[in-house]
Every structure is written in C-alpha cells, then in structure tokens.
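Reviewing the structure listed below.
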RNA sequence: GGGUAGGUUGAGCAGGUGGUGAGCUCCGCUGACUGUAGAUCAGCCGUCUUCGACUGUGGGGGUUCGAUUCCCUCCCUGCCCA
C-alpha cells in the first residue's frame with residue numbers, strides 16, 4: 050500500500066544538513082521547513098490568504114484544543130479541518146502530548162493515558178493514545194503525531210526515563226489504533242537531555258513503522274548547550290534513517306541553524322507569532338520591540354529588507370502607534386511580518402545549503418540575534 | 001456675596017480626626033516569551049550615593065516635643081442659594 054507521504058532528501062555537505070521534499074495529500078513541502086502554529090484552527094490573527102502570501106507551506110493545529118472546542122466530530126461533519134478553516138495546504142496535528150506537559154497541574158498521568166480538567170470549563174477529560182489518534186483522524190490532518198509524554202528534562206533521571214518508556218508503549222498503541230490511509234503518523238523520540246536515554250529512545254521509536262521521526266522534549270527549559278548536544282546524539286543515532294525528521298517546538302532564528310546542521314527537516318514553534326503579538330519583530334537588524342519609545346518617530350519599515358505587506362506599506366512609527374492604541378491591526382501586521390521573515394529565513398537556509406554560503410548566512414543571522422545566540426556553540430561548519 | 005463638599009506622587013483614587021501616606025488602577029519606561037490556558041507575563045514608574053535614605057497630603061502662618069490631622073488666613077474646583 051502506498052504511503053500517505055513520501056520524503057526524499059539529499060546531503061548538502063554541510064554537517065548532516067539535507068535538502069528535501071516531502072509530499073503529502075495536500076501538497077509538497079520543501080525542507081528544511083517551518084510550520085507556524087495554528088492551535089485553534091487559526092494561526093492567530095492571520096487568514097489562510099495571509100499564510101499563502103507569506104509562502105507558508107504547512108501549518109500545525111492542535112488535537113487537544115480542537116477536541117474540546119469546537120469538537121472534532123463537528124469538524125468532521127463540516128468536512129474536515131482543511132475545509133473548516135479554509136486552508137487547503139498540508140496540516141500537521143499535534144497529539145495533545147504537549148498539553149499533558151503544559152497543563153500538568155490540571156491532570157494526572159497513568160499507564161493508560163491522561164485524565165485532566167478542561168482548561169475551558171473544568172470538565173473531566175480523558176486522553177489516551179487511541180483517543181488522540183481517533184481525534185486526529187476525525188480532523189483529517191495530513192500528518193498525525195503519536196501521543197507522547199514529555200517531562201522537564203531537569204527532573205530526576207527516573208522520572209525522565211519513566212516518561213520515555215511510557216512514550217514508547219504509547220507509540221505502539223498509536224500505530225495499532227491508526228487506520229486512515231491518507232494520513233501519515235510520526236513517532237516522537239523522548240529521553241530528556243540524557244544521551245543514553247535518547248539513544249534508547251531513537252532505537253525504540255525508529256524501530257516502529259512510523260512515517261516520520263519527531264524529536265520532542267527539547268526547548269522546554271534546558272540550556273542551549275544541552276539542546277545542541279542532545280541533537281548531536283539523536284542525529285548520530287538517526288544517521289542512516291531515511292525518514293523525515295521533525296524537531297518539535299523549535300525555534301528562534303539561531304536555533305534553526307543548530308538544528309538544520311544536525312539533520313532536522315521540519316520545525317514548528319509559537320515564537321514568531323507569539324512574540325509578534327507582544328511587539329517583537331524579527332528583522333535583518335535583529336529583534337525589534339515596536340513598543341519601545343524610540344520607534345514612535347521612525348518612518349522606516351519594520352525591516353527594510355523584507356517585502357511582506359507590512360513592510361511594503363507601513364512604518365515602525367505606525368506599528369508603534371497601533372501597539373500603544375491596542376489596535377487589532379498591530380497583531381496581524383506583526384504576525385504577518387514575523388511569519389514572512391521566518392519563511393524567508395528557511396528559504397535562505399535552503400538556498401545557502403545549495404550554493405555554499407551557509408556558513409556566511411549562519412554567522413550573519415547569529416550575529417543579528419546576538420543575545421539569543423550567545424549561548425549557542427560556534428558554527429559547526431564553514432563554507433566550502 | 002452666603003452656604004456646602006473638596007484640593008494626596010502625570011491621570012483617577014484609597015487612606016489618614018497629634019507620633020509608620022511612596023498603597024492601588026491607568027498612563028508611561030524596559031524586559032521576557034520556543035510541539036499556544038499567552039493580543040500575555042514580569043520589573044520599574046517622587047529624588048538620591050537604591051539590601052537603604054530623603055522628600056512629599058493646595059500656599060502661608062500658628063499651636064505642639066511632634067501637624068496630613070487642630071487653629072487662622074489666602075488660593076483653586078464642583079454644587080446649592082442670592
């Protein structure tokens with residue numbers, strides 16, 4: 050039987066970085082690629098048209114939130130998530146595993162699954178591997194994620210190991226429960242920042258029949274050095290695996306380089322859209338906080354090097370005003386820019402991997418995000 | 001002109017009838033944010049040499065060891081009467 054997705058990639062000569070192509074039922078994705086987060090069937094403040102304008106190729110939506118509201122059965126009745134939200138490109142759905150982590154205080158994990166109080170009305174809810182798959186099949190995403198358990202990597206080893214082992218058992222249950230032939234299913238590697246556990250987790254997850262391999266449990270409080278070394282371990286362990294690799298929850302502009310060099314093909318992160326709503330724009334001059342007083346009289350576009358709608362038509366002074374006045378347009382214009390910037394950055398990374406300018410690009414971007422990149426190791430590669 | 005209620009740090013307030021008024025909300029200034037309970041949160045927001053100290057309750061004067069508080073007077077604002 051034909052796989053729901055197909056992934057091809059070629060090495061680039063830059064570390065373990067590769068350039069690839071991932072075909073899905075709703076379109077083909079160039080990798081490395083970034084997925085904006087649209088938790089509640091919307092990338093906050095942006096329309097599908099905005100996303101297309103920003104050259105977004107795939108978005109992430111959320112099992113937990115959509116099952117609570119409006120309900121996955123309702124979305125299924127209304128023709129599935131793509132039709133419901135008016136986005137006909139590829140969609141990846143997260144399984145709810147992250148909410149088990151971020152809403153841990155509302156729930157309790159047992160071997161079979163998780164019981165928790167809804168953050169909306171306090172009602173008791175149950176999520177299991179089977180349930181997470183059922184919901185994602187109802188939503189009809191192109192790529193579903195296995196239901197996993199992540200814990201704070203700085204917790205004691207036994208706790209991290211327990212969560213990892215449970216994630217492995219849940220992974221098998223997810224595969225067994227998955228029936229939709231037009232939907233891919235990715236497994237998730239856990240194991241905190243412990244090299245031994247990460248190798249064990251890669252062996253367990255990669256040994257199952259998943260369509261892609263995700264790396265979870267990172268960028269949740271560990272240091273940049275720990276994230277980097279963990280990615281090194283995982284990259285080594287996955288070296289001969291042909292499947293697409295997805296680093297969950299990352300990242301910032303400097304993070305992309307660290308991960309791409311270690312063979313990562315897919316990213317998702319709330320950062321570009323969340324920080325945009327809080328006034329932070331990512332630009333060729335680094336991070337700008339448009340709420341700062343100094344921008345009130347600045348007629349320049351947010352990023353002179355950007356061609357997005359925001360930068361073509363509006364000034365920093367205008368955005369600074371919109372943020373102060375709490376006008377809704379501030380959120381859309383800022384989000385549109387940051388998503389455009391991020392897509393542009395990924396495109397430049399793909400191009401640089403091809404033409405030998407990767408090291409130069411990495412150095413330039415890392416320098417622009419000085420403070421953010423300060424804790425990151427120096428470039429692992431240089432231009433050939 | 002008479003009466004009455006007021007005047008507190010940019011704004012709006014709280015409090016205070018002789019011995020700690022720098023407390024709150026806005027506004028303002030910064031910072032944070034990584035598989036979104038986040039258009040959110042945190043710090044600062046009189047001055048200084050900032051783990052502390054000083055100044056500050058409309059102006060002036062008085063009583064008192066000590067006054068935001070009591071007394072006198074002036075100014076300003078709202079309302080009522082003339």
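Numbering (the numbering used here), first residue to last: 50 to 433. Note that beta-carbon positions come from the ideal geometry of N, C-alpha and C, so glycine has one too. Keep in mind it's a predicted model, so treat the numbers as computed, not measured.
Exposure of residue i, with buried meaning 16 or more beta-carbon neighbours within 10 Å
i           : result
residue 118 : exposed
residue 277 : buried
residue 365 : buried
residue 402 : buried
residue 383 : buried
residue 359 : buried
residue 189 : buried
residue 208 : exposed
residue 169 : exposed
residue 154 : exposed
residue 230 : exposed
residue 80  : buried
residue 368 : buried
residue 14  : Given a span of 50 to 433 for the chain in the structure shown, any question on residue 14 remains unanswerable.
residue 328 : buried
residue 374 : exposed
residue 351 : buried
residue 186 : buried
residue 409 : exposed
residue 286 : buried
Residue i CB to nearest heavy atom of the ligand NAD below 7 Å
i           : result
residue 264 : Only the bare structure without any ligand can be found here, which leaves the ligand NAD out of the picture.
DSSP beta-bridge partners of residue i
i           : result
residue 194 : 235
residue 338 : 329
residue 57  : 70
residue 35  : The structure shown has nothing for residue 35, since the chain only spans 50 to 433.
residue 109 : 86, 141
Inter-residue CB distance, residue i and residue j (contact presumed, cutoff 8 Å)
i           : j           : result
residue 302 : residue 414 : 5 Å
residue 103 : residue 385 : 6 Å
residue 166 : residue 182 : Rounded, the Cβ-Cβ distance is 23 Å, inconsistent with contact.
residue 297 : residue 246 : Contact flag wrong, Cβ pair sits at about 17 Å.
residue 372 : residue 340 : 5 Å
Under 8 Å between C-beta atoms of residue i and residue j
i           : j           : result
residue 63  : residue 82  : no
residue 299 : residue 95  : no
residue 129 : residue 76  : no
residue 87  : residue 110 : yes
residue 234 : residue 84  : no
residue 238 : residue 254 : yes
Taking only runs of the beta strand (DSSP E) that begin and end inside the segment 135-222, which ones reach a length of at least 3 residues, in chain order?
-> 140-143, 156-158, 163-166, 173-176, 192-194
Could you name each continuous alpha helix (DSSP H) segment of 4 residues or more that falls completely within the segment 71-106, going from the start of the chain to the end?
-> 97-102
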